[in-house]
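Colleague: Heads up, the sequence shown is in the working numbering, so the first residue is 3 and it goes up one at a time.
A virtual CB, placed ideally from N, CA and C, is assigned to each residue, including glycine.
What you are looking at is a predicted structure, and each value in this text was computed from that prediction instead of being measured.
Below are the structure tokens for one structure; questions will follow.
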Amino acid sequence: MTSESSARTEPGDSAPGDAQTPAPWWTRAVVYQIYPRSFQDSDGDGIGDLRGALKRVDYLAELGVDVVWLSPVYRSPQDDNGYDICDYQDIDPLFGTLDDLDRLMAALHERGIKVLMDLVVNHTSDEHPWFAESRSSRDNPKRDWYWWRPARARMEPGAPGAEPTNWGSLFSGPAWEYDEVTGEHYLHLFSRKQPDLNWENPSVRQAIYEMMRWWLDRGVDGFRMDVINLISKDIQSDGSLRDTPVISGPYGDPSTGTINGPRVHEFLREMHHEVFSGHSGALLLVGETPGTTVGDGLLFSDPRRGELNMVFTFEHVSLDQGPGGKFDLRPLDLRDLKAVFGRWQAGLLNVGWNALYWDNHDQPRIVSRFGDDGACRYESATMLATILHLHRGTPYVYQGEELGMTNAHFTTLDCYRDIESLRYVAQSRELGHVSDDQILAGLAAASRDNARTPVQWDASPSAGFTTGKPWIAVNPNYRTINAEAERADPASVFHYYRRLIALRHDDPVVQLGDFTMLLPEHPHVYAFTRSLNGTRMLVLGNFSGDDQKVDLAKHLARKTELVIGNYPEPAQPLDGTVILRPWEALVLRGATSVRPKA
Ligand code: TEU
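Encoded structure:
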């Protein structure tokens, strides 16, 4: 992205695709997520770092991405791999120094790539000085910076069941920790080392805004905001928080008391005003918002409201969850996926904007999840990429996705590192309702560690990630699936992603065309059109390992040309019918006038 293209609009002015004003630069952009711990090590300690990332900037430029989102590199006890921060304005020695970050940022900027920092401000680490003060006494000035509450009435503080509400933590166990120092409990929606900040307190908000301005002054180009829709808790008039219904397991579901709470939009608008005003649309602001519906998605991303540019929603990555929750995966019904995407595409059209993603550091690898990571790995990885990238929105690529990296396929519990997985194992064993085999199967399908194995750079030991012992096992398939091999092979997943990214840069239909879902009831074929100014793109993806014959007479232009496809000889429409081969993706362009129906 050139600075010329990035400085045109002020967020708060125009809706993307509104004909009066040029569309914001991020309608033409693709974002790449780096999870530094697993990206590239430089010093042989087995943990990726900033100097390692610096060695790979030319790779990112070759891929063609416009923005890098860097998962947290701040000073942290690493209880949740950096999502537990104890100093927002310094770098953890594991990853390097502020100078290293400056060098990485400069190298990316030189290549026209912007940099987003991960902003984790729903909670801090319990080792953050703010929390140390808050914990020290009930009348400390920072006491109210976190959520301290007495035990439930007539209960012994600290006893099981005495927690102020019945909420479960998202990492298993109760969401409250008893603290002996002052005899009260504090709230932690994630681990007990991640106490939730109290955004009701204006001094908390001002401290956060000040820190954000400091990062903007250092030259960052925006933020990915971690669970930003959990910052407003639903407090009762007497200041209490409520018990919530139990959905599965022993605890209340905290969603109703925390997701998109009463003041979330007010807080974000205040943040926008205090931190982003005057930045002339050059920034990218993307919120991570679990549990968000299209209605809230519109409010978050409507530029006239001045909150965010776009949000990560979770509906499409929750469709394969069974009744037992996150580790109880079941096969995807493609019709559900189309219904969800169709709703978001229609709902945000001309007002808001979608963030498009399959993978990130919390999700299993898409080729193993919705594709076939065996015989049809190339075809299914590229088909899934085609479908995602051709939607209206800004696509996000998670490190290794562009190589078609697969799930870890770990077979023993000792391979796992992620706190969410380990806490789930402990809780399941404690409750005793699932066997170890079921636990292993659940983790193999859904553990966040699936996405956290090191990036596979080449066929040398440890995949070129480190000269030491990697903090988590490298996937043994690195000998065949790696960046070096794929860069040398024009028919690789890597080069296919390059083409998709270039298409996003170059094609106004991909950027701003409207969206119509086709064949919503077809169980195996994903089909839609994108149209703009008399041109229509027809996008087709076969989500199965069998041939699929579809009748598209109503939607095929008389004359079409191939835009992109993942078979050397792309499927040919014949009399309005297309036969898609296993996992085939096909994008055709034509005029909007269609052939008359036979
Ligand atoms: O994730 C929040 C979130 O809602 C989930 O995706 C979470 O990872 C978990 O899997 C719920 O089952 C964000 C970060 O992306 C994640 O890495 C952090 O652990 C979490 O917030 C806390 O900061």
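1. Using CA coordinates, which residue listed in H187, D47, H267 and N311 is at the minimum distance from V288?
2. Measure the alpha-carbon distance for E486 versus A461 and round it to whole angstroms.
3. Please give me, in chain order, every unbroken run of the beta strand (DSSP E) with length at least 3 that falls completely inside the stretch 300-354.
4. Here's a check: name, in chain order, each residue in its chain whose Cβ is nearer than 6 Å to the Cβ of G466, leaving out the five neighbours to either side.
5. Near S193, what residues of its chain come up, given a Cβ to Cβ distance below 8 Å and the 5 sequence neighbours on each side ignored?
6. Would you check if there are 3 or more beta carbon pairs closer than 8 Å linking the stretch 329-344 to the stretch 438-451?
7. Please find out if some non-hydrogen atom of the ligand TEU comes closer than 7 Å to the beta-carbon of F192.
8. Cβ of Y85 within 7 Å of any heavy atom in the ligand TEU?
9. Measuring only the C-alpha atoms, how far is R53 from T468?
10. May I have the straight-line CA-CA distance separating L199 from L189, to the nearest angstrom?
11. Say yes only if the C-beta of R450 is nearer than 7 Å to one or more non-hydrogen atoms of the ligand TEU, and no if none qualify.
12. Closer than 8 Å is the cut-off here; do at least three beta carbon pairs connect the stretch 220-239 with the stretch 113-126?
13. Here's the rule: buried if 16 or more other CB atoms are within 10 angstroms of the residue's CB, otherwise exposed. What is G50?
14. Leaving out the 5 sequence neighbours to the left and right, which residues in its chain are closer than 7 Å to L334 when beta-carbon positions are compared?
15. Please classify N1 as buried or exposed, where buried requires at least 16 neighbouring CB atoms within 10 angstroms.
16. Looking at the strands, I want to know which residues DSSP matches up with F225.
17. Taking only three categories from DSSP, how would you classify Q1?
18. Return yes when the C-beta of L172 is under 7 Å from any heavy atom of the ligand TEU, and no when it is not.
19. Fully enclosed by the stretch 67-95, which beta strand (DSSP E) runs are 3 residues long or longer?
20. For T126, which of D89, Y380 and Y418 has the nearest alpha-carbon?
21. Roughly how far, in whole angstroms, is the beta-carbon of I368 from the beta-carbon of D361, given that I think they are within contact range, below 8 Å?
22. For a quick check, are the C-beta atoms of V495 and L505 less than 8 Å apart?
23. Could you tell me how far apart the beta carbons of G66 and I503 are, in whole angstroms, since I believe they sit closer than 8 Å?
24. With a 10 Å radius around its C-beta and 16 neighbouring C-beta atoms as the bar for buried, classify E352 as buried or exposed.
25. Starting from the C-beta of L96, find all residues in its chain whose C-beta is less than 6 Å away, skip the five residues before and the five after it, and write them out in chain order.
26. W27 to L286, Cα distance in whole Å?
27. Which of helix, strand or coil does DSSP assign to R583?
28. Would you call the CB atoms of C378 and P584 closer than 8 Å?
29. Examine the ligand TEU and report whether any of its heavy atoms sits within less than 7 Å of the Cβ of K328.
30. Excluding sequence positions up to five away, which residues of its chain have a Cβ less than 6 Å from the Cβ of D15?
31. In three-state DSSP terms, what is L590?
32. Would you report the Cα separation of D128 and V342, rounded to the nearest angstrom?
33. Could you give the distance in angstroms between the alpha-carbon of N168 and the alpha-carbon of G241?
34. Kindly indicate which three-state DSSP category T388 falls into: helix, strand or coil?
35. Please list, in chain order, all residues of the same chain as S430 whose beta carbon is under 7 Å from its beta carbon, the five residues on each side excluded.
36. Evaluate contact between the stretch 534-541 and the stretch 551-562, counting only Cβ atoms and requiring at least three cross-stretch pairs below 8 Å.
Modeller: Straight from the coordinates:
1. N311
2. 8 Å
3. 312-314 and 327-331
4. W459 and D460
5. Excluding sequence neighbours, S193 sits near D81, D82, D86, S171, F173, I421 and R425.
6. yes
7. yes
8. yes
9. 12 Å
10. One alpha carbon belongs to L199, the other to L189, and they sit about 9 Å apart.
11. yes
12. yes
13. Residue environment: G50 is assigned as buried (16 or more neighbouring CB atoms within 10 Å of its CB, all protein chains considered).
14. L321, D322 and F372
15. Look at the range of the chain in this structure, 3 to 600, and you will see that residue 1 is not part of it.
16. M119 and L287
17. No answer is possible for residue 1: the residues shown for the chain start at 3 and end at 600.
18. yes
19. Within the stretch 67-95, complete beta strand (DSSP E) segments of at least 3 residues are found at 69-72 and 89-93, given in chain order.
20. D89
21. 5 Å
22. Against a cut-off of 8 Å, the Cβ pair of L505 and V495 comes out as no contact.
23. With 8 Å as the limit, G66 and I503 qualify as a contact, their Cβ atoms being about 4 Å apart.
24. Inspection of the sequence shows that residue 352 is occupied by Asn rather than by Glu. Result: exposed.
25. I49
26. 9 Å
27. coil
28. yes
29. yes
30. Note that D15 scores 45 on pLDDT, short of 50, meaning its location in the model is unreliable; the coordinates nonetheless yield the value given after this. Closer than 6 Å at the Cβ level, and outside the excluded window around D15, lies no residue.
31. Of the three classes helix, strand and coil, the one that applies to L590 here is strand, per DSSP.
32. 37 Å
33. 16 Å
34. helix
35. Counting only Cβ-Cβ distances below 7 Å, and skipping sequence neighbours, we find V436 and I441.
36. yes
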